[in-house]
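Participant:
Residue numbers (my numbering): 531 to 1050.
(1) Would you mind sorting residue 592 into buried or exposed? The rule is 16 or more other CB atoms within 10 Å of its CB.
(2) Which residue marks the beginning of the alpha helix (DSSP H) containing residue 936, and which one marks its end?
(3) Using the beta-carbon count (16 or more within 10 Å), is residue 868 buried or exposed?
(4) Pick helix, strand or coil for residue 991, following the three-state DSSP scheme.
(5) For a quick check, are the C-beta atoms of residue 910 and residue 1049 less than 8 Å apart?
(6) Given this structure, state the Cα-to-Cα distance separating residue 783 from residue 899, to the nearest angstrom.
(7) Have a look at the DSSP bridge pairing and note the partners of residue 831.
(8) Going by CA-CA distance only, name the one from 1031, 1015, 1011 and 1017 that's closest to residue 1023.
(9) Pull up the distance between the alpha-carbon of residue 974 and that of residue 966, whole angstroms please.
(10) Does the beta-carbon distance from residue 831 to residue 883 come in below 8 Å?
(11) Mapping the DSSP letters down to three states, classify residue 958 as helix, strand or coil.
(12) With DSSP collapsed to three states, give me the class of residue 1029.
(13) Looking at residue 777 and residue 722, is the spacing between their C-beta atoms short of 8 Å?
(14) How would you label residue 935, buried or exposed, when you count the other beta carbons within 10 angstroms and need 16 or more for buried?
(15) Could you name the residues of the same chain whose beta carbon sits closer than 7 Å to that of residue 1014, not counting the 5 residues immediately before and after it, in chain order?
(16) Give every residue of the same chain whose Cβ lies closer than 8 Å to the Cβ of residue 681, excluding the five residues on either side of it in the sequence, and list them in chain order.
(17) Who are the near neighbours of residue 1039 in its chain, counting only those whose CB is closer than 7 Å to its CB and skipping five residues on each side?
(18) Residue 605 lies in the alpha helix (DSSP H); which residues open and close that run?
(19) Out of 846, 598 and 716, which has the shortest C-alpha to C-alpha gap to residue 641?
(20) If the criterion is Cβ atoms closer than 8 Å, does the pair residue 739 and residue 764 meet it?
(21) Please name the residue, chosen from 1017, 1005, 828 and 841, that lies closest to residue 1035 on a Cα-to-Cα basis.
(22) Using DSSP bridges, identify the partner residues of residue 1046.
(23) Please determine, among 964, 969 and 675, the residue with the shortest C-alpha to C-alpha distance to residue 1007.
(24) Decide yes or no for the touch test of the segment 727 to 734 against the segment 747 to 754: beta carbon pairs closer than 8 Å, at least 3 of them.
(25) Going by DSSP in three states, residue 642 sits in which element: helix, strand or coil?
(26) Name the two residues that bound the continuous beta strand (DSSP E) containing residue 734.
(27) Please tell me whether residue 902 and residue 848 are closer than 8 Å, where the distance is taken between their beta carbons.
(28) Between which two residues does the alpha helix (DSSP H) carrying residue 800 extend?
(29) To the nearest whole angstrom, what separates the beta carbons of residue 840 and residue 807, a pair I think is in contact under 8 Å?
(30) For residue 507 versus residue 588, is the C-beta distance shorter than 8 Å?
(31) Count the other C-beta atoms from every protein chain shown that fall within 10 angstroms of the C-beta of residue 1001, then say buried if there are 16 or more, exposed otherwise.
(32) Using a Cβ-Cβ cutoff of less than 6 Å, which residues in the same chain neighbour residue 499 once the five nearest sequence positions on both sides are dropped?
(33) Below 6 Å CB to CB, which residues in the same chain sit around residue 805 once its five sequence neighbours on both sides are set aside?
(34) Give every residue of the same chain whose Cβ lies closer than 6 Å to the Cβ of residue 600, excluding the five residues on either side of it in the sequence, and list them in chain order.
(35) Excluding sequence positions up to five away, which residues of its chain have a Cβ less than 7 Å from the Cβ of residue 607?
(36) Assign residue 1042 to buried or exposed, taking buried as 16 or more other Cβ atoms, counted over all protein chains shown, within 10 Å of its Cβ.
Printed below as a string of structure tokens:
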């Protein structure tokens, strides 16, 4: 029996030895293949670099792997390259630059995986129409999944929600997309949205979309629930430098309903239905290195909306403008090589809502409604205050305002031993803001009463509201917290200490949780 055991042990040892030897050989073969590929790439790069001025013509561009993408969509991207190559001074460098630009455009449609393989070859010698300078370009692409489903939960300050979404890519083979989403939560009772978008002329910088929305949102800071149903049309385009533009039209039926038993007279006066028909324009220039966790650069954004004026229709009329500016600068630490991850940033937002006469000529402008005014305060803008905690109030209800300004400064510091590349930061901040409502001089109360105002009254009220912005200190808070920059959203957990609070406004001392994309 002892002999049998020994023999089994030898067999097991030999088996392990063979497996280990095979594993070593496989690793060696993989390393040799990788080294060969690296050498081939180097030889190719050297050959291309030594032949940059070589005259060439592009015979054809072949795309392999685009099974669900229309040829009529791809031709406007690559056919001009073939035509341009007929120029007298066309070189290999020109061709590589143009093909690279077309591939970069192709990737921006988000229908292919980033790894696009590029291959150059000579046309077949049997083709009598080919010339010595002709080259064929082959691109091998791999399409992304056409269907993307996502479900999850969100947790924010006084808000929890569950959501589900569906995205259909490349619906008709021209980089079209259809997105559907639904969510429900503690504050957003229900929200359903759909959007169909398509590029125009195979241009990733020019896109047209149509969308629809149905939602019901509880707004505890103003004792009501808002129901929205409507849709819109948007044209988006971008400049060569990356600036974004959007021109849109939207029609929305709004209802203020579900009033709380203690709702104020102002909220009750605005309850009921209204129809908003508006055009909007957006401009954004973003030069930040990371929108969620900026360490350097700046951002400028303006939004303008005009409702109910001229031929727009609807039963609310106003001009609403908002501007936002933010930026950050890195801080160098003596003795530390490379970026420190420490930065100092700041932001400023301001907005103005100006009543306009309705399209059917009522002889005056109606005061702004509760659901059109600005709100200010909360964990994503002026930290240290409740949601809607700044500005005019009627009892316990926040009424919003027609003019506002808010600003902040902060310092972001990497966590100990985490390094500058970590998405976590410690934050020190100070922020403040002021929100005022336009007053109708014909009455003692704010314009929430609904009385029509003449052009002179509107102007005088706006001038008065603007002057009120500079009276006394704004509401100010400071604090510290923890920031986590996820690719989808930014999360903040802050401890805030209000330093100055205007009469009637609601501060919030202690912890606040903020989840969002755009923070002050």
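Beta carbons: idealized from backbone N, C-alpha and C, even for Gly.
Facilitator: Straight from the coordinates:
(1) For the purposes of this step, residue 592 is taken as the residue at position 62 of the chain shown. By the 10 Å Cβ count, residue 592 comes out exposed.
(2) On the chain shown, residue 936 is found 406 positions in, with the first residue counted as 1. Careful: residue 936 lies outside any alpha helix (DSSP H), inside the beta strand (DSSP E) at 933 to 944.
(3) Here residue 868 refers to the residue found at position 338 when the chain shown is read from its first residue. The residue in question, residue 868, is exposed, as its Cβ has fewer than 16 Cβ neighbours within 10 Å.
(4) Against the chain shown, residue 991 aligns to sequence position 461. Correct three-state label for residue 991: helix.
(5) Position 380 of the chain shown holds residue 910. Position 519 of the chain shown holds residue 1049. It is a contact, given that the beta carbons lie within the stated cut-off.
(6) As a working note, residue 783 is residue 253 in the chain shown. As a working note, residue 899 is residue 369 in the chain shown. If you take the alpha carbons of residue 783 and residue 899, they lie about 14 Å apart.
(7) Taking the chain shown and counting its residues from 1, one reaches residue 831 at position 301. DSSP output for residue 831 lists 814 and 854 as bridge partner(s).
(8) Your numbering for residue 1023 matches position 493 in the chain shown. Looking at the Cα atoms, 1011 is the closest of the given residues.
(9) Here residue 974 refers to the residue found at position 444 of the chain shown. Here residue 966 refers to the residue found at position 436 of the chain shown. Confidence is the limiting factor: at residue 974 the pLDDT is only 39, short of 50, which leaves the residue's position unreliable and the question unanswerable from this model.
(10) Position 301 of the chain shown holds residue 831. Position 353 of the chain shown holds residue 883. In this structure, residue 883 does not lie closer than 8 Å to residue 831 by Cβ.
(11) To locate residue 958, count along the chain shown from 1; it is residue 428. Residue 958: strand per DSSP, three-state reduction.
(12) Taking the first residue of the chain shown as 1, we reach residue 1029 at position 499. Residue 1029 falls in the strand class under three-state DSSP.
(13) Residue mapping note: residue 722 aligns to position 192 of the chain shown, counting from 1. Residue mapping note: residue 777 aligns to position 247 of the chain shown, counting from 1. Cβ atoms of residue 722 and residue 777: not closer than 8 Å.
(14) Working through the chain shown from its first residue, we reach residue 935 at position 405. Buried is the call here.
(15) Counting from 1 along the chain shown, the entry for residue 1014 is found at position 484. Cβ neighbours of residue 1014 beyond the five flanking positions: 953, 954 and 1021.
(16) Working through the chain shown from its first residue, we reach residue 681 at position 151. Counting only Cβ-Cβ distances below 8 Å, and skipping sequence neighbours, we find 692, 693, 694 and 695.
(17) Sequence index remark: in the chain shown, residue 1039 carries index 509 (1-based). Excluding residues within five positions, the ones whose Cβ falls inside 7 Å are 1026, 1027 and 1028.
(18) Within the chain shown, the letter at position 75 stands for residue 605. Residue 605 -> alpha helix (DSSP H) spans 601 to 614.
(19) One-based indexing of the chain shown puts residue 641 at position 111. Taking only the C-alpha atoms, the option nearest residue 641 is 598.
(20) Translated into the one-based positions of the chain shown, residue 739 becomes position 209. Translated into the one-based positions of the chain shown, residue 764 becomes position 234. Yes, Cβ-Cβ distance for residue 739 and residue 764 is below 8 Å.
(21) Residue mapping note: residue 1035 aligns to position 505 of the chain shown, counting from 1. Measuring from the Cα of residue 1035, the nearest candidate turns out to be 1005.
(22) Here residue 1046 refers to the residue found at position 516 when the chain shown is read from its first residue. According to DSSP, residue 1046 shares a beta bridge with 1020.
(23) In the chain shown, the residue the question calls residue 1007 occupies position 477. For residue 1007, the nearest C-alpha among the options comes from 964.
(24) no
(25) Translated into positions along the chain shown, residue 642 becomes position 112. If DSSP states are grouped into helix, strand and coil, residue 642 belongs with the strands.
(26) Position 204 of the chain shown, counted from the start, is the residue given in the question as residue 734. Counted as a single uninterrupted DSSP element, the beta strand (DSSP E) harbouring residue 734 occupies residues 733 to 749.
(27) Counted from its first residue, the chain shown places residue 902 at position 372. Counted from its first residue, the chain shown places residue 848 at position 318. A contact, by the Cβ cut-off of 8 Å.
(28) As a first step, residue 800 is located in the chain shown; it is residue number 270 there, counting from the start. Taken as a continuous stretch (DSSP letters only), the alpha helix (DSSP H) holding residue 800 covers 795 to 800.
(29) Residue 840 sits at position 310 when you count from the first residue of the chain shown. Residue 807 sits at position 277 when you count from the first residue of the chain shown. With 8 Å as the limit, residue 840 and residue 807 do not qualify as a contact, their Cβ atoms being about 10 Å apart.
(30) What the structure shows of the chain is the stretch from 531 to 1050, and residue 507 is not part of that stretch, so it cannot be assessed.
(31) Position 471 of the chain shown, counting from 1, holds the residue named residue 1001. Counting of Cβ neighbours within 10 angstroms places residue 1001 among the exposed residues, the total staying below 16.
(32) Because the chain is modelled from 531 through 1050, residue 499 falls outside the range shown and cannot be assessed.
(33) By one-based count along the chain shown, residue 805 stands at place 275. These residues qualify, in order along the chain: 783, 844 and 845.
(34) As a first step, residue 600 must be located in the chain shown, where it is residue number 70. Counting only Cβ-Cβ distances below 6 Å, and skipping sequence neighbours, we find 703 and 704.
(35) As a position in the chain shown, residue 607 is number 77, starting the count at 1. Only 632, 635, 636 and 732 meet the Cβ criterion.
(36) Indexing the chain shown from 1 puts residue 1042 at position 512. Counting Cβ neighbours within 10 Å, residue 1042 comes out buried, since at least 16 surround it.
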